Amino acid sequence: MVKLLIVDDEVKTRQTLYRYVPWFDLGIVDVEQAEDGLQALQKSVAFVPDIVLTDVRMPRMNGIELAKELRAVLPRCKIIFLSAYSDLEYLKTAIKLQAFDYIEKPVDLEEIGRVIKSVVAEYRKDLQQWNVERKLREHERMLRARQLVVSLCGIGEKPEPERMVDELLHPDIRFPTTGTFVCLSIRFEAAEDGIEELSVPSIPELRQLDRRLSDLGFGCLMGAIKQESWVMLAAMPSSSSMPELRQTVEDYARECGNNGANVCIAIGGPVGDLFSLPDSYKQASSLSKRSFYFGYAHVLTFDNEPSRVYSFDPHLQEQWLRHLRNNQLDEAIRLIRQLVSELRQHPDTPVEQVKNLFYSLWIQLYQGPRKLAGLSVHENGNRLPEADALASLSTLEQYEEFLLRETESVANENSGKTGGVVSRIAHIIREQAGNQNLTINSIASQLFLTSSYVCLLFKNETGLTVNQYLTSVRMEMAKQLIARHKIHEVAKRVGYTDTKYFTRLFKKEVGWTPSEYRERLRP
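In UniProt numbering, the protein residues as written are 1 to 523.
See below:
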């Protein structure tokens with residue numbers, strides 16, 4: 001989007017240029033006018049022109065004075081001079097000001113067009129170069145900031161105080177070196193749209209937090225410590241700024257959650273000097289692990305309460321197994337919910353211990369009731385997909401939901417109430433039939449069931465295989481689309497990339513080829 005400002009005290013010249021030059025065809029999308037240099041300078045504040053086409057001799061402020069002022073505030077702006085005077089001094093000044101061109105009046109619209117076309121091309125070329133340089137500078141700044149964060153958090157070599165202070169005062173950093181400091185650990189929830197690429201430009205939410213705190217007078221320094229987490233160091237305006245910091249962070253986390261980017265932020269305790277920041281970092285890092293218990297979209301603040309570690313009941317697994325063997329699934333579910341409730345009250349319990357416990361409880365589902373159905377943790381020599389799904393979970397709530405769902409599935413198997421599962425299979429097929437990647441394995445994965453179990457259950461309940469039902473749903477969709485779309489478009493919309501294969505299936509299912517069926521629809 002290239003913008004141009006016409007500056008001339010002659011109304012006729014200004015209006016002729018504005019009305020009769022084909023600006024849009026030349027790559028200019030917005031044009032403004034000014035009657036002298038002073039008005040042009042005032043308009044430039046809001047309009048911010050990329051190109052200025054200006055007369056030289058004007059009242060109040062001439063073109064040369066305007067160009068000098070613009071060079072100070074808009075150094076990238078391209079300047080073209082217009083003049084009815086072939087004044088050598090003007091030409092010399094134009095060269096010094098790096099004017100793009102100097103056009104004599106009366107203006108020739110064709111010449112104006114040629115010059116504008118050239119200046120737009122050069123501006124776009126320069127813009128590309130500026131963007132490359134800007135990205136390089138930003139990358140260098142991020143690397144510098146990350147290294148400072150790592151050093152100040154006490155990770156790796158201990159920093160030399162004098163050198164550290166010099167680095168913090170660097171123009172690209174400008175982080176306070178005295179005052180009260182605090183460390184924030186920021187962890188985004190892994191999502192399908194994937195916030196995995198941890199660079200500041202790819203996560204505008206992080207920029208927002210930086211800006212908000214900076215606007216309140218906080219100094220901010222941020223860097224990625226691990227792939228899944230960021231650390232922000234905040235220099236507080238005063239030692240009493242903690243409530244304001246927490247409120248700002250809570251508002252930010254809530255807005256992130258509303259926008260689908262759940263985040264857990266742990267705030268360490270405040271420290272009185274730069275070189276005590278490792279203490280605040282350790283506190284924030286330890287707190288951030290509680291995201292397993294409380295989920296994301298939370299702000300956790302350091303307190304001096306004693307560590308709360310859960311003492312596991314050695315008879316828990318025996319009780320669980322007894323409930324399963326006696327088909328007391330309601331009791332088994334109640335046991336899990338009680339366990340989860342107690343674990344949340346002990347958020348300092350090592351996460352791996354909890355994960356291992358849930359894995360053991362899940363295994364007993366296969367050693368107990370499901371073993372009677374001939375199911376095991378391994379299928380055809382391979383681990384069941386549920387095992388991999390369980391290993392990928394990241395919060396206690398997800399582990400609870402997984403185990404309760406598996407337990408409910410056991411209840412359905414034992415009581416014969418499998419209709420609910422079959423309905424869910426059919427619903428997934430109807431909703432996702434247009435997805436060419438929809439397979440039995442993907443359906444089973446969504447239900448946390450094995451593919452063989454899904455096939456057996458669906459066939460027993462409906463008399464159709466999963467693939468037969470999927471094909472019939474797709475063909476019904478195709479019949480609705482075929483009158484309004486080309487055959488290859490219909491095939492793609494209902495999940496087939498191979499039009500010939502789709503045509504064969506359609507004829508087998510419907511009795512006619514897609515073209516024949518379309519002909520039959522015509523009145």
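Don't be surprised by glycine CBs; every beta carbon is placed ideally from N, CA and C. Since we're looking at a predicted model, the values are computed, not measured.
- Residue environment analysis places ARG290 among the buried positions, since at least 16 neighbouring C-beta atoms fall within 10 angstroms of its C-beta.
- In terms of CA proximity to TYR296, ILE265 leads the group GLU406, ILE265, THR177.
- For MET477, the uninterrupted alpha helix (DSSP H) segment begins and ends at 466–481.
- Between LYS68 and SER83 the beta-carbon gap is near 16 Å, outside 8 Å, which marks them as no contact.
- By the Cβ neighbour-count rule, SER409 is buried, with 16 or more other Cβ atoms within 10 Å of its own.
- A direct Cα-to-Cα measurement between LYS125 and THR16 gives close to 29 Å.
- Between VAL2 and GLY27 the beta-carbon gap is near 6 Å, inside 8 Å, which marks them as a contact.
- ARG212 and ILE440 have their C-alpha atoms spaced approximately 48 Å apart.
- Secondary structure at TRP230: strand, using DSSP grouped into helix, strand and coil.
- Relative to the Cα of ASP8, the nearest Cα in the group ASP330, LEU53, TYR252 belongs to LEU53.
- Residue burial is scored here from C-beta neighbours: TYR20 has fewer than 16 other C-beta atoms within 10 angstroms and is therefore classed as exposed.
- Taking a 10 Å sphere around the C-beta of ALA34, we find 16 or more other C-beta atoms and assign the residue as buried.
- Secondary structure of GLY63 (DSSP, three-state): helix.
- By the C-beta criterion, the segment 459–469 is judged not to be in contact with the segment 488–502, since fewer than 3 inter-stretch pairs fall below 8 Å.
- Judged by their CB atoms, VAL473 and ALA433 are nearer to each other than the 8 Å cut-off.
- Pairing ALA284 with MET222 gives a Cβ-Cβ distance that is not under 8 Å.
- In the displayed model, ARG187 falls within a strand according to three-state DSSP.
- DSSP places CYS256 in the helix class (H, G or I) of the three-state scheme.
- Restricting attention to ASN435, ASP251, ARG337, the CA atom closest to the CA of GLU400 is found in ARG337.
- DSSP places ASP330 in the helix class (H, G or I) of the three-state scheme.
- Contact between GLU111 and ILE103 is confirmed by a C-beta separation of about 6 Å, below the 8 Å threshold.
- Here the segment 146–155 does not lie against the segment 118–138, with fewer than 3 beta-carbon pairs under 8 Å apart.
- In the DSSP annotation of this structure, the continuous segment of the beta strand (DSSP E) that includes LYS78 starts and ends at 78–83.
- Listed in chain order, the non-local C-beta contacts of GLY269 below 6 Å within the same chain comprise SER280, GLN283, PHE302, local neighbours out to five positions each way being set aside.
- Taking C-alpha positions only, VAL340 is separated from GLU318 by approximately 17 Å.
- For a cut-off of 8 Å, the C-beta gap from SER229 to ILE186 is around 6 Å, short enough to register as a contact.
- Looking at the DSSP output, TYR102 sits in a beta bridge with PHE81.
- Between CYS256 and ALA234, the C-beta spacing is not below 8 Å.
- Under the DSSP assignment, VAL48 falls outside any beta strand (DSSP E); it carries neither an H nor an E label.
- CYS183 and VAL149 have their C-alpha atoms some 10 Å from each other.
- PRO49 counts as buried, since at least 16 other C-beta atoms from the protein chains shown sit within 10 angstroms of its C-beta.
- DSSP assignment within the segment 276–360 yields the following whole beta strand (DSSP E) runs of 3 residues or more, N-terminal first: 298–301.
- Of the candidates LEU245, THR248, PRO350, PRO350 places its Cα closest to the Cα of LEU287.
- Contact annotation, LEU396 with TYR501: C-beta distance approximately 46 Å; criterion of less than 8 Å not satisfied.
- SER311 and TYR359 have their C-alpha atoms some 18 Å from each other.
- Under the DSSP assignment, LEU5 falls in the beta strand (DSSP E) whose first and last residues are 2–7.
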